[in-house]
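Listed in order, the protein sequences are those of chains Y and L. Under the working numbering, the first residue of the first sequence is numbered 279, with each subsequent residue one higher. Under the working numbering, the first residue of the second sequence is numbered 4, with each subsequent residue one higher. Ideal placement from N, C-alpha and C gives every residue a C-beta, glycine not left out.
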Amino acid sequence: MLNVLAQTGPGEMLEGLKAIGAGLGYGLAAIGPGVGIGTVVGNAISSMARQPESAGMVRTTMFLGIAFTEALALIGFVVFILLLP
Amino acid sequence: MNVLALDFPPVSHLFEWPDMLFGGTAYAVNKTVLIYLAAVAITGAIFLLAGRKTGSLVPAGIQHVAESGVTFIEESVVMETIGEEGKKFVPFLTTMFFFILFSNIFEVVPGIQFPANSRMAVPITLALVVWVIYNFVGIKAQGLGGYLKNSLFPPGVPVALYLIVTPIELVSTFVVRPFSLAIRLWANMVAGHLLLVTFAVLTHTLWTSTYVGAVAPFAMLTLMTGFEILVSVLQAFIFTILTAVYIGGSLHPAH
Numbered sequence: 279m280l281n282v283l284a285q286t287g288p289g290e291m292l293e294g295l296k297a298i299g300a301g302l303g304y305g306l307a308a309i310g311p312g313v314g315i316g317t318v319v320g321n322a323i324s325s326m327a328r329q330p331e332s333a334g335m336v337r338t339t340m341f342l343g344i345a346f347t348e349a350l351a352l353i354g355f356v357v358f359i360l361l362l363p
Numbered sequence: 004m005n006v007l008a009l010d011f012p013p014v015s016h017l018f019e020w021p022d023m024l025f026g027g028t029a030y031a032v033n034k035t036v037l038i039y040l041a042a043v044a045i046t047g048a049i050f051l052l053a054g055r056k057t058g059s060l061v062p063a064g065i066q067h068v069a070e071s072g073v074t075f076i077e078e079s080v081v082m083e084t085i086g087e088e089g090k091k092f093v094p095f096l097t098t099m100f101f102f103i104l105f106s107n108i109f110e111v112v113p114g115i116q117f118p119a120n121s122r123m124a125v126p127i128t129l130a131l132v133v134w135v136i137y138n139f140v141g142i143k144a145q146g147l148g149g150y151l152k153n154s155l156f157p158p159g160v161p162v163a164l165y166l167i168v169t170p171i172e173l174v175s176t177f178v179v180r181p182f183s184l185a186i187r188l189w190a191n192m193v194a195g196h197l198l199l200v201t202f203a204v205l206t207h208t209l210w211t212s213t214y215v216g217a218v219a220p221f222a223m224l225t226l227m228t229g230f231e232i233l234v235s236v237l238q239a240f241i242f243t244i245l246t247a248v249y250i251g252g253s254l255h256p257a258h
């Protein structure tokens, strides 16, 4: 392993580290929004089940909540694209 | 790029198209521009055809499409977020919804298969238009001082906290909003396009080497195409409803 690392030039090492950073960064950025969207949709479904007559209003608000939560994951995705070698 | 021994095209090849007309000038026309022109033409055609004087009382065909689109925007976007006085924004929001929808939906149209909104130019322009509109509406409804006071100093916050709240509100209302609006649309389309390309390349490679192995990625490709239709509609809807929320927030300050 160390021999392989020693054979690579400095530029290749940098490319590899960039790729690792991009992958890890997107993965980390997806954790929070994943939990958040789950919470938003879960609560929306339980309130729709309790009060089916307010389903329209709840659905609109749910999409808003998803959109705001998802923005963080998308910023992580943008960083991923920017870091790609 | 070489991913898992697949010959995956570099990202720039998926999103940058060669010029077709007027190459080299600022008015160069490529595939993205053509898709946008088509989206404008389809949106215009639907509403011009539906608005003819000969329209019947019982809507059918294209008139039905246009009328249900307008009703949808009016009832589930404007009435839910702005209220009665938002009715004058219905034409703007409807046009924007259909324009974004048609430029997204080319992602799954066979032979074209490119979401025009995966290039940043038009999403950021639309977001800046929205930015100008909600600021203008806010200043017109509350006056410059009142609008700044309501958006920078939200009522009901302890005075000492304004040290933290005001800079955050300044950045989030006037800087981050248009960018997050544009990035949300753009990044969703980029992600969808990359997803479809990945499964298409996988299907092609496995088909040329093993035939049987292509079944699983092809099933996934079909599923994802359906999912991307949903995402195209949803992103157009979310862009429209967030615009309505921002306009509504400028019209009625938080109490």
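Check: Cβ of Glu87 (chain L) less than 8 Å from any chain Y Cβ?; Outcome: no
Check: Does any residue of chain L have a CB that is nearer than 8 Å to the CB of Thr347 (chain Y)?; Outcome: no
Check: Compare the C-beta of Ala194 (chain L) against all C-beta atoms of chain Y and say whether one is closer than 8 Å.; Outcome: yes
Check: In the DSSP output, what is Asp272 (chain L) paired with across the bridge?; Outcome: Outside the displayed range of chain L (4 to 258) lies residue 272 (chain L), so it cannot be described from this structure.
Check: So does the stretch 286-301 of chain Y actually touch the stretch 326-338 of chain Y, counting three or more Cβ pairs closer than 8 Å?; Outcome: no
Check: Count the other CB atoms, across all protein chains shown, that sit within 10 Å of the CB of His67 (chain L); report buried if there are 16 or more and exposed otherwise.; Outcome: exposed
Check: Looking at the structure shown, is Val32 (chain L) part of a helix, part of a strand, or coil, going by DSSP?; Outcome: strand
Check: List, in chain order, every chain Y residue whose beta-carbon is nearer than 8 Å to that of Leu314 (chain L).; Outcome: Lying before the first or after the last residue shown, residue 314 (chain L) is absent from chain L, which here runs from 4 to 258.
Check: Express the C-alpha separation of Ser183 (chain L) and Val61 (chain L) in angstroms, rounding to a whole number.; Outcome: 41 Å
Check: Would you say Gln238 (chain L) and Leu188 (chain L) are within 8 Å of each other, going by their C-beta atoms?; Outcome: yes
Check: State buried or exposed for Pro12 (chain L), treating a residue as buried only when at least 16 other CB atoms are found within 10 Å of its CB.; Outcome: exposed
Check: For Met4 (chain L), is the classification buried or exposed, using 16 other Cβ atoms within 10 angstroms of its Cβ as the cut-off for buried?; Outcome: Note that Met4 (chain L) scores a pLDDT of 49, beneath 50, so its modelled location is shaky; the value from the coordinates is reported in the next line. With fewer than 16 Cβ atoms within 10 Å of its Cβ, Met4 (chain L) is classed as exposed.
Check: Can you say whether Val178 (chain L) is buried or exposed, counting buried as having 16 or more other CB atoms within 10 angstroms of its CB?; Outcome: exposed
Check: Name the two residues that bound the continuous alpha helix (DSSP H) containing Gly303 (chain Y).; Outcome: 288-328
Check: For Met223 (chain L) and Val204 (chain L), I'd like the C-alpha separation in whole angstroms.; Outcome: 12 Å
Check: So Gly334 (chain Y) contacts chain L; which residues on that side make the cut at Cβ distance below 9 Å?; Outcome: Glu78, Ser79, Glu83
Check: Is the CB-CB distance between Thr46 (chain L) and Phe105 (chain L) below 8 Å?; Outcome: yes
Check: Is the beta carbon of Asn138 (chain L) closer than 8 Å to that of Pro256 (chain L)?; Outcome: no
Check: Using Cβ-Cβ distances below 7 Å, what residues of the stretch 34-68 of chain L are close to chain Y?; Outcome: none
Check: Tell whether a beta-carbon distance below 8 Å holds between Val232 (chain L) and Thr84 (chain L).; Outcome: Residue 232 (chain L) is actually Ile in this sequence, not Val. No.
Check: Which residue wins for smallest C-alpha separation from Ile1 (chain L), given the options L:Trp20, L:Thr208, L:Thr246?; Outcome: An answer regarding residue 1 (chain L) cannot be provided, because it is not within the stretch 4 to 258 covered by chain L.
Check: Comparing C-alpha positions only, which one of L:Phe109, L:Lys90, L:Tyr30 sits nearest to Val43 (chain L)?; Outcome: L:Phe109
Check: Can you give me the Cβ contacts of Ile127 (chain L) inside the same chain, cut-off strictly under 6 Å, excluding the 5 residues immediately before and after it?; Outcome: Ala185
Check: So that I know if they touch, is there some Cβ in chain L lying closer than 8 Å to that of Leu370 (chain Y)?; Outcome: Since the displayed chain Y opens at 279 and closes at 363, residue 370 (chain Y) lies outside it and no answer follows.
Check: So Ile241 (chain L) and Ala119 (chain L) are in contact, right, with Cβ under 8 Å, and what is the actual spacing, rounded?; Outcome: With 8 Å as the limit, Ile241 (chain L) and Ala119 (chain L) do not qualify as a contact, their Cβ atoms being about 17 Å apart.
Check: Here's the rule I'm using: 16 or more other beta-carbon atoms within 10 Å means buried, otherwise exposed. How should Ile171 (chain L) be labelled?; Outcome: exposed
Check: Is the beta carbon of Ile65 (chain L) sitting closer than 8 Å to the one on Ile76 (chain L)?; Outcome: no
Check: Of all the residues that make up the stretch 163-186 of chain L, which are near chain Y by a beta-carbon distance shorter than 8 Å?; Outcome: Ser183, Ile186
Check: Do you know offhand how far Pro220 (chain L)'s Cα is from Thr213 (chain L)'s?; Outcome: 13 Å
Check: Hey, would you say Leu362 (chain Y) sits closer than 8 Å to Pro311 (chain Y), going by beta carbons?; Outcome: no
Check: With Asn138 (chain L) as the anchor, note down where its alpha helix (DSSP H) starts and where it stops.; Outcome: 124-155
Check: Taking Cβ-Cβ distances shorter than 8 Å, what residues in chain Y pair up with Val248 (chain L)?; Outcome: Leu342
Check: Can you pull the chain Y neighbours of Ala190 (chain L), defined as C-beta to C-beta under 7 Å?; Outcome: Leu352, Phe355, Val356
Check: If we count the other Cβ atoms within 10 Å of its Cβ and call it buried at 16 or more, is Thr28 (chain L) buried or exposed?; Outcome: exposed
Check: Pick out whichever of Y:Thr339, Y:Gly354, Y:Glu331, Y:Gly303 has its Cα sitting closest to the Cα of Gly320 (chain Y).; Outcome: Y:Thr339
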